[in-house]
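The sequence shown lines up with residues 1 to 219 when you count with the numbering used here.
Beta carbons: idealized from backbone N, C-alpha and C, even for Gly.
Data first, discussion second: the structure below is written as structure tokens.
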Amino acid sequence: MRKTLFLIRVLFFALTCLSVSTGFAQNSDSDHIVRLIYFLPNDRSPQSDIDERIDKLIRDTQQIFAGQMEHYGFGRKTFQFETDRRGNAIVHHVNGRFGNAHYLTESWKKVWGEIDEHFDRSTNIYLAFLDISAGDLDGFACGYGGHHGTYGGAALIPAAGGCFEGIDVTVHELGHTFGLLHDYRNNLQPWIDLYCNEPMTTSRCAAEWLDAHRYFNNH
């Protein structure tokens, strides 16, 4: 009887340790997901449905990448984004220190200068939406994006207007956060076209890169 009780205790301890180890691995995996931010200047009112609109946009973007990966034989691999218990996208709201006019120029520097006080984009990828009166950034750009550190990156897109309404800009800028660079082989223009069929995000080379990328292997 004593031997049996001892074996039961050993088994219980082993299962407990295994459970803790598995849980830690899952938590570690969840670090490599895209996180969403809505940045609001202090003299603007928030859009009432912005969370829902961002939720739809990120899901559509997720499907675009999945479709391209499947097209090249890698299965419907795609990135994950942060969600709540109900499966809705979590959108972190950050209130800016200044008014709308302040963020119309040098948008990237000013916005991320404030966001970096709350989030670490060197270890995670963040997609931020800036709510300003203009439909672009700095008077000419639909968005900015790039990777940072080993697994980090950031992208900034206006929260309204044509750059926000279509899916192309989000796909393009997120592509940069995953390490994809402009591909001018089929585009001789000084500015690459922002379309979902652009080679930067749809070439086989891009799919091979993403197939090995940490954010596309989060299962």
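With a 10 Å radius around its C-beta and 16 neighbouring C-beta atoms as the bar for buried, classify residue i as buried or exposed.
i	result
N88	exposed
D136	buried
H93	exposed
K109	exposed
N95	exposed
R59	exposed
L210	buried
H172	buried
F98	exposed
F140	exposed
H204	The question names His, yet the displayed sequence has Arg at residue 204. Looking at its Cβ environment, which holds fewer than 16 other Cβ atoms inside 10 Å, R204 is exposed.
A128	buried
Using C-beta distances below 6 Å, list every residue in its chain close to residue i, excluding the 5 sequence neighbours before and after it, in chain order.
i	result
S21	No answer about S21 holds up, because its pLDDT of 31 lies below 50 and its placement is not dependable.
R76	A66 and E70
Q80	I33 and N218
V91	L36, Y38, D51 and I54
N100	P41, D43, R44, I132 and S133
T202	Q68
Y72	R204 and A207
P46	L40
Quick check: what's the CA-CA separation for residue i versus residue j?
i	j	result
A160	I132	8 Å
G63	D43	Reading off the sequence, residue 63 comes out as Gln, not Gly. If you take the alpha carbons of Q63 and D43, they lie about 35 Å apart.
F164	L40	15 Å
I54	E82	12 Å
G175	G145	8 Å
F178	V169	14 Å
N124	T78	16 Å
G149	P158	24 Å
S254	S48	Limits of the chain in this structure are 1 at one end and 219 at the other, which puts residue 254 out of reach.
G153	T61	17 Å
H147	F216	15 Å
My guess is that residue i and residue j are in contact by the Cβ rule of under 8 Å, so how many angstroms apart are they, rounded?
i	j	result
A155	G166	Actually they are not in contact, since the Cβ atoms of A155 and G166 sit about 15 Å apart, beyond 8 Å.
A206	F74	That belief does not hold up - the Cβ atoms of A206 and F74 are roughly 11 Å apart, past 8 Å.
D84	E106	No, D84 and E106 are not in contact; Cβ-Cβ is about 33 Å, not under 8 Å.
Can you list, in chain order, the residues of its chain with a C-beta nearer than 7 Å to that of residue i? Leave out the 5 residues immediately preceding and following it.
i	result
Y103	P41, G96, K110, V111, L130 and I132
R214	H32 and Y151
G162	G135
Spell out whether any CB of chain B is found under 8 Å from the CB atom of residue i.
i	result
K56	No chain B is part of this structure, which consists of one protein chain only.
Give me, in chain order, the residues of the same chain whose beta-carbon lies closer than 8 Å to that of residue i; leave out the 5 immediate sequence neighbours on both sides.
i	result
F119	R35, I37, H92 and Y126
Suppose only complete runs of 3+ residues qualify. What are the beta strand (DSSP E) ranges in the region 22-106, listed by chain order?
34-40 and 91-95
For the region 129-211, which segments carrying the beta strand (DSSP E) assignment without a break, of at least 3 residues, lie completely within its bounds, in sequence order?
144-148 and 152-158
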